[in-house]
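Report on the following structure.
Protein chains: 2
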Amino acid sequence: MTIQPVQIEKAYRLLQIGPTTMISAQHKGDADVMAAAWVGIGGPNKVVAYLGTQSYTRQLIEKSGYFVVHVPTVQQMETVLYVGEHSKSTMPDKIDSLPLFYQEDYDIPMVEGSAAWIVCKVLPNPEQEKEHDSFMAEMVAAWSDDRVFRNGHWEFDSAPAELRTVHYVAGGQFFAIGDGFKFDHGPGQD
Amino acid sequence: MTIQPVQIEKAYRLLQIGPTTMISAQHKGDADVMAAAWVGIGGPNKVVAYLGTQSYTRQLIEKSGYFVVHVPTVQQMETVLYVGEHSKSTMPDKIDSLPLFYQEDYDIPMVEGSAAWIVCKVLPNPEQEKEHDSFMAEMVAAWSDDRVFRNGHWEFDSAPAELRTVHYVAGGQFFAIGDGFKFDHGPGQD
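For the protein sequence lines, the chains are A and B, in the order given. The first sequence begins at 1 in my numbering and counts up by one. The second sequence begins at 1001 in my numbering and counts up by one.
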């Protein structure tokens, strides 16, 4: 496998299938990773993320103005639960055991094993952030594991099952993404 | 099957798995249905929906302050494409062929065959609506097809395959939701 860049105009497709995500952030060397099920597309090249006030990662995002949205995979389900169950506020070594890597130009750790990673730059909207814990951000760079997303398309049918995206319900219940259906037409032209 | 109410506190679970949606709205007897892939959870009991300015349905929502988010199913994939491909602006009879029904107290048509329907009341945020086409709304009522969502949980494993949710990529490419995975713990306690 290789981790390859995703055209930013196509990066919305990484999130359009509605996966549960992980979010990472870093400020002055202090980094954290959280689980986030309430992250979606806010418009062309834009993300809307609900970040609760209790989240340590949110504090880092407020300081740095950047975060990375991960599209986690079946092989990472325990990791998604783990980063969602623990807070760095009370567990300073929370992320020390995670397999992290960095992409050039961005000082934000990314977790190995995800299907994709999207660097997002906050578009400040103080009222929405304060009143609704809702953060809007612009996608500025993205990469994918080319075994599962390449040339702007998800390739779940040919990818290992453990690379399917995960979709969280509640109480430890996940669903993986399932069968594909292709029509010869669609609202979009591509 | 019966269509049963969903506890509003659990209605977020209808959208948390990230399905592509349909949205309907009505104002003074004028109704429309659109496809919407950029609809997600904006917080507890809240929805964030991207509604492009070209959308006839958006105009109805701006006038009425209400819309219904549908969670469509595999059996409705052609319907999702159909309502996404056509605009009522140029096709006044667009929704005449759809199997519509109404729930008591709400003058908004709902499309039969979906897994769930969520009535949402717009929480006005003029700047976000104008600048980002982003609408925030409160979930005020919800129903589900009890064959596939009951007692606050998705039951895809026991439901007919055609009731699985749909997750759109682009160019006519959909994925249905797939296999379930249950852990005995999770970030949430329920």
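Quick reminder that beta carbons are idealized off the backbone N, C-alpha and C, glycines included.
Buried versus exposed call for residue i [16 or more other C-beta atoms within 10 Å across all chains shown]
i: ASN1151/B; result: exposed
i: ALA161/A; result: exposed
i: LYS1191/B; result: Residue 1191/B is absent from the structure shown; chain B starts at 1001 and stops at 1190.
i: THR73/A; result: buried
i: GLN16/A; result: buried
i: THR1002/B; result: exposed
Between the CA atoms of residue j and residue i - distance to the nearest angstrom
i: MET1139/B; j: GLY1040/B; result: 12 Å
i: TYR12/A; j: PRO92/A; result: 33 Å
i: GLY52/A; j: ARG58/A; result: 7 Å
i: ILE1008/B; j: VAL1047/B; result: 12 Å
i: PHE135/A; j: GLY42/A; result: 10 Å
i: PRO99/A; j: ALA1176/B; result: 30 Å
i: GLN1189/B; j: VAL169/A; result: Note that GLN1189/B has pLDDT 45, beneath the 50 cutoff, so the model's placement of it is unreliable and the number below is only indicative. Their Cα atoms are separated by approximately 12 Å.
i: GLN197/A; j: PHE1181/B; result: The requested residue 197/A is not part of the displayed model; chain A covers only 1 to 190.
i: ASP96/A; j: LEU81/A; result: 16 Å
i: ASP1146/B; j: LYS1010/B; result: 14 Å
i: ALA159/A; j: VAL148/A; result: 5 Å
DSSP three-state assignment for residue i, whether helix, strand or coil
i: ALA1031/B; result: strand
i: SER1097/B; result: coil
i: HIS167/A; result: strand
i: TYR1056/B; result: helix
i: GLN1189/B; result: The predicted position of GLN1189/B is uncertain, since its pLDDT is 45 and thus under 50; a value taken from the coordinates is nonetheless stated next. If DSSP states are grouped into helix, strand and coil, GLN1189/B belongs with coil.
i: ARG147/A; result: coil
i: HIS1070/B; result: strand
i: GLU1062/B; result: helix
i: ALA1011/B; result: coil
i: MET1/A; result: coil
i: VAL1006/B; result: coil
i: ALA1161/B; result: helix
Best match in the options for proximity to residue i [C-alpha to C-alpha]
i: ILE1061/B; options: ALA1025/B, GLN1173/B, SER1055/B and PHE1101/B; result: ALA1025/B
i: HIS167/A; options: MET1001/B, PRO1019/B and THR1079/B; result: PRO1019/B
i: GLY113/A; options: GLN16/A, CYS120/A, MET22/A and GLY186/A; result: MET22/A
i: TRP117/A; options: TYR106/A, LEU123/A and GLU127/A; result: TYR106/A
i: GLY1178/B; options: ARG164/A, ASP32/A and HIS27/A; result: ARG164/A
Beta-ladder partner(s) of residue i, from DSSP
i: SER24/A; result: VAL33/A and VAL68/A
i: GLU1129/B; result: In DSSP, GLU1129/B forms no bridge with anything.
i: TYR1050/B; result: SER1134/B
i: MET139/A; result: CYS120/A
i: MET1110/B; result: PHE1101/B
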